[in-house]
């Protein structure tokens, strides 16, 4: 038993090591775009922090979702955050599963490069939207009478640049249209829907996205318009950005993305051409076997001619050469 465990552990370590080597090579090649996406996450947090200085509390706006859904109360606001945390961690773990499991449909670096592109495009539109008009926040700490509803003017630049994470994110006000939580959720769900393999998990993921959206409204963290706008905006953004990006290679086809250098690409092209030439020869041999002979194509053309008009001419010649028809 111990020998079996040691053998399997060795195989797993070799697989993980090989996967790390491949992903690191991709990371060294794509690190600029990944870094830009991560830096924009800070810019998005900085913009949300800045709009909090502009927020002014006021009476709640009339909202159909508030009328239709029961209010969970301030003590149950953790429900929507719990669902979001579960979705986030689940997607994060799934994105790294090619390091361990054999079902390798994508490269993790390329997947997160795509995800960050979706997030950046959606968050850029979100920043423009919530800076255009500041609505009175429906969350409990953003209402009139709360000390957290407005921020005092900053004393220095450093106070603005340090966005007070995570308290500044959890208790922000003014960054309403449209919901950041729904942006992340829909990007993760749509990505798994395209590159995931389990149909049941895909259905559960969409169901959890709907449940989380309803919990956000019931917790009064966003107006219904924030959630509704996020649903159609993020889906449209992912659709158009996904069409502009080059499609990721499907690793289940057996074709490897690496090597990536020009020399290796030429070698790979020659190898593919050699493979196609070999397949063509195999098909030709297969046709020969079906015809019951092993002659080449020139001999086959001669046989066709023999069976056609030329054959008839040969028969006339032979009959003329035979005396008295015997």
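Residue numbers (our numbering): 2 to 327. Cβ atoms here follow ideal geometry from the backbone N, Cα and C, with glycine treated the same way. It should be emphasised that the depicted structure is a prediction, and the values quoted were computed from it without experimental measurement.
Put simply, the stretch 100-118 touches the stretch 29-49. At least three CB pairs are less than 8 Å apart. Closest in alpha carbon position to residue 82, among 238, 247, 222, is 222. Here residue 145 has 58 as same chain residues with Cβ atoms under 6 Å from its own Cβ, once five neighbours each way along the sequence are excluded. Scanning 16, 49, 116 for the CA closest to the CA of residue 152 turns up 49. Within the same chain, Cβ atoms closer than 8 Å to the Cβ of residue 99 are found at 20, 105, 106, 107, 108, 109, 252, the five residues on either side in sequence being excluded. In the three-state reduction of the DSSP assignment, residue 224 falls in the coil class. In the three-state reduction of the DSSP assignment, residue 180 falls in the coil class, being assigned neither a helical nor a strand state. In this structure the stretch 149-166 does not touch the stretch 191-208; the number of beta carbon pairs closer than 8 Å is below three.
With fewer than 16 other beta carbons inside 10 angstroms of its own, residue 18 counts as exposed. Contact between residue 80 and residue 216 is confirmed by a C-beta separation of about 5 Å, below the 8 Å threshold. Annotation: the continuous alpha helix (DSSP H) that includes residue 66 extends over 65-69.
In the DSSP assignment, residue 213 falls within the unbroken alpha helix (DSSP H) covering 200-219.
In this structure, residue 164 sits away from residue 78, with a CB-CB distance that is not shorter than 8 Å.
Under a 10 Å Cβ-count criterion, residue 218 is classified as buried, with 16 or more other Cβ atoms of the shown protein chains found around its own Cβ. By the Cβ rule, the stretch 165-182 does not count as touching the stretch 66-76, because fewer than three pairs are nearer than 8 Å. Residue environment analysis places residue 103 among the exposed positions, since fewer than 16 neighbouring C-beta atoms fall within 10 angstroms of its C-beta.
Residue 238 is a Cβ neighbour of residue 119, given a cutoff of 8 Å.
A direct Cα-Cα distance of roughly 15 Å separates residue 67 from residue 177.
The C-alpha of residue 236 is placed about 31 Å away from the C-alpha of residue 23. Annotation: residue 75 is outside any alpha helix (DSSP H) and is labelled neither H nor E by DSSP.
Counting along the chain, residue 125 sits inside the alpha helix (DSSP H) bounded by residues 109-133.
The alpha-carbon separation between residue 227 and residue 7 amounts to approximately 53 Å.
Within the model, the alpha-carbon separation for residue 26 versus residue 220 is close to 44 Å.
CA-to-CA, the gap between residue 229 and residue 185 works out to about 14 Å. Rounded to whole angstroms, the Cβ separation of residue 209 and residue 116 is 17 Å, and the two are not in contact under 8 Å.
Residue 123 is positioned such that its CB atom lies no closer than 8 Å to that of residue 11. When DSSP states are grouped into helix, strand and coil, residue 246 belongs to the coil group. Going by beta carbons, residue 147 and residue 231 fall outside the 8 Å limit. Between residue 173 and residue 53 a beta carbon distance of about 5 Å is seen, short of the 8 Å cut, so the two are scored as contacting. A residue is called buried once 16 or more other Cβ atoms fall within 10 Å of its Cβ, and residue 37, having fewer, is exposed.
If you look at residue 145, you'll find it isn't in any alpha helix (DSSP H); DSSP assigns it neither H nor E. In terms of Cβ geometry, residue 214 and residue 64 do not form a close pair [threshold 8 Å].
DSSP places residue 159 in the uninterrupted alpha helix (DSSP H) bounded by 158-162.
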